[in-house]
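J.: Residue numbering for the sequence shown follows my numbering, starting at 51 and increasing by one per position. Ideal Cβ placement from N, Cα and C applies to all residues, glycine included.
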Amino acid sequence: GGAAGGGGADAGSHLDHKHAKAAESSAHSERPRPRRKSISERREEANPSSAPNFIFGYGSLLNKESRNVTGSAGEYHYVQARGLRRLWSLHAPYACQFGTGCFLGAVLTGDDADVCGGLAFAVSEAELPNYDAREKTYVRVRLPSVEPLEGHVMQDCTNAIFWTYVNPSPDKPTAEAPILQSYVDVIVAGALEESEAFARSVIRSTAGFEHPWKNDRGNGVPTSVGYFPQYLRFSPAATSMASTIDILLREEIPDAFAARYNAAGHRPRRAPALQVV
51 GGAAGGGGAD AGSHLDHKHA KAAESSAHSE RPRPRRKSIS ERREEANPSS APNFIFGYGS
111 LLNKESRNVT GSAGEYHYVQ ARGLRRLWSL HAPYACQFGT GCFLGAVLTG DDADVCGGLA
171 FAVSEAELPN YDAREKTYVR VRLPSVEPLE GHVMQDCTNA IFWTYVNPSP DKPTAEAPIL
231 QSYVDVIVAG ALEESEAFAR SVIRSTAGFE HPWKNDRGNG VPTSVGYFPQ YLRFSPAATS
291 MASTIDILLR EEIPDAFAAR YNAAGHRPRR APALQVV
């Protein structure tokens, strides 16, 4: 009898132990699992000195089509940089199918009253040299800070490095190296990807439109007699928005727009594939 009673006590103890284990297991299953860290977070832990790179684009890089010619541009934010001035300032024959034109540049002024709106897009360390080659006559500099454009929220980019390209020795547009409308189209069409208000602000905040400005749009047919875009990487998609773009230009900079002149006819030489500005 005692043996039987002892066996019952042992069985009860065993059952209690099983219940305790089950309860413990249940508690474990209810406890939330730690969030799995992303690849970028694990990479950052492995190499704390690495930081995400962003390029601040203020001209043709506003245009998605143009950005992606050079590399796989990643996430982007509409931002503005203080102490930076956008202006027509770079004579670049290598970016033209014939003749030369004057392209956008920027200068660091250190004056907070100078505000340049643009787009900051992520770029890998490996692809930075591709953008350096594209902007080969500019100098890449680090911006001390950027802030989100009004109405935009920027994710936490505390550790990010923001780069932009500045023109070390600005030149004004001339009759021999005028502003080219086919290039203006790429910029304004890119700004319109955000909004009409942003496109207007880009036009207003660009210095130098009072200098020679050529309408070189033409019909884009290389063998035709008549106008032909000089800009080597002109965009038919951007130029197809000509009527919208011209309304914005006429309203924002009426005097300069009234002085814009039409190009003479050209039969362009066959140009090799060159880097875009």
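For the candidate residues A131, N180, D182 and A156, whose alpha-carbon lies nearest to that of R169?
T.: Before going further, note that residue 169 is Leu rather than Arg in the sequence given. Here the closest residue by C-alpha is A131.
J.: For L33, which of G258, L282 and S290 has the nearest alpha-carbon?
T.: Because the chain here runs from 51 to 327, residue 33 falls outside it and cannot be looked at.
J.: With the cut-off set at 7 Å, would you say T159 and R184 are in Cβ contact?
T.: no
J.: Can you list the beta strand (DSSP E) stretches of 3 or more residues lying completely in the stretch 164-220, in chain order?
T.: 165-173, 189-192 and 211-216
J.: Are the beta-carbon atoms of A241 and M291 separated by less than 7 Å?
T.: Their beta carbons are not under 7 Å apart, which means A241 does not touch M291 by this criterion.
J.: Helix, strand or coil, according to DSSP, for A257 in the structure here?
T.: Of the three classes helix, strand and coil, the one that applies to A257 here is strand, per DSSP.
J.: So what does DSSP say about N118, is it helix, strand or coil?
T.: helix
J.: Flag this pair as touching only if the stretch 195-205 and the stretch 172-182 have three or more C-beta atom pairs under 8 Å; answer yes or no.
T.: no
J.: With a threshold of 16 other CB atoms inside 10 Å of the CB of S192, please say whether the residue is buried or exposed.
T.: Here residue 192 is Arg; the residue named in the question, Ser, does not match the sequence. With fewer than 16 other Cβ atoms within 10 Å, it is exposed.
J.: Keeping to the same chain, check which residues put their C-beta closer than 6 Å to that of F104; ignore five residues upstream and five downstream.
T.: A170, A172, A210 and F212
J.: Classify H202 as buried or exposed, calling it buried when 16 or more other Cβ atoms lie within 10 Å of its own Cβ.
T.: exposed
J.: Quick one: is S90 buried, meaning 16 or more other Cβ sit within 10 Å of its Cβ, or exposed?
T.: With a pLDDT of 47 at S90, under the threshold of 50, the predicted position of this residue should be treated as unreliable, and no value is reported.
J.: Grab the span of the beta strand (DSSP E) containing A156 for me, first residue to last.
T.: C152 to L158
J.: Going by the CB atoms, is the gap between Y108 and C166 shorter than 7 Å?
T.: yes
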